[in-house]
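Engineer:
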Amino acid sequence: MWSEEMLDYAAANAADRFDLDQDEARDMVGMVSEALEEGGDAVDDAAWDVHQHDTSVPGEDFVEDVADSLGYDLE
Numbered sequence: 083m084w085s086e087e088m089l090d091y092a093a094a095n096a097a098d099r100f101d102l103d104q105d106e107a108r109d110m111v112g113m114v115s116e117a118l119e120e121g122g123d124a125v126d127d128a129a130w131d132v133h134q135h136d137t138s139v140p141g142e143d144f145v146e147d148v149a150d151s152l153g154y155d156l157e
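Taking the working numbering, the leading residue of the sequence shown gets 83, the next gets one more, and so forth.
(1) Would the beta-carbon of residue 139 fall within 8 Å of that of residue 125?
(2) By a C-beta neighbour count over all protein chains shown, 10 Å radius and 16 as the cutoff for buried, is residue 151 buried or exposed?
(3) I'd like to know whether the C-beta atoms of residue 96 and residue 147 end up nearer to each other than 8 Å.
(4) Where residue 135 and residue 120 are concerned, what is the direct C-alpha to C-alpha distance, given to the nearest angstrom?
(5) Does the beta-carbon distance from residue 113 to residue 131 come in below 8 Å?
(6) Can you give me the C-alpha to C-alpha distance between residue 116 and residue 128, rounded to a whole angstrom?
(7) Which of helix, strand or coil does DSSP assign to residue 130?
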């Protein structure tokens with residue numbers, strides 16, 4: 083649904099905001115973008131998965147940040 087450039091942009095923003103390695107942020111953005119495509123419970127699950135992947139990252143905030151970067155409305 084989103085181009086690689088958009089996903090890379092979201093990852094760069096997330097890496098800066100959450101003090102992450104670029105590759106780690108890109109992996110986590112991939113998880114979130116797939117969940118956004120699925121919608122529903124997948125989005126909540128992605129927030130949990132992100133926090134499990136790196137406990138220093140608040141999952142819901144990360145998902146919201148990625149959604150904003152991708153122009154996706156979570157409402």
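Backbone N, C-alpha and C fix where the C-beta goes; we use that ideal spot for every residue, glycine too.
Structural biologist: Well, looking at it:
(1) Start at 1 with the first residue of the sequence shown, and residue 139 comes out as number 57. Start at 1 with the first residue of the sequence shown, and residue 125 comes out as number 43. Contact flag unset, no.
(2) Taking the sequence shown and counting its residues from 1, the one referred to as residue 151 is at position 69. By the 16-neighbour rule on beta-carbons within 10 angstroms, residue 151 is buried.
(3) Locating residue 96 in the sequence shown gives position 14, where the first residue counts as 1. Locating residue 147 in the sequence shown gives position 65, where the first residue counts as 1. The answer is yes: Cβ separation under 8 Å.
(4) Translated into positions along the sequence shown, residue 135 becomes position 53. Translated into positions along the sequence shown, residue 120 becomes position 38. Distance between the alpha carbons of residue 135 and residue 120 is about 20 Å.
(5) By one-based count along the sequence shown, residue 113 stands at place 31. By one-based count along the sequence shown, residue 131 stands at place 49. A contact, by the Cβ cut-off of 8 Å.
(6) As a working note, residue 116 is residue 34 in the sequence shown. As a working note, residue 128 is residue 46 in the sequence shown. If I take the Cα positions, the gap works out to 9 Å.
(7) The residue you call residue 130 lines up with position 48 of the sequence shown. Secondary structure of residue 130 (DSSP, three-state): helix.
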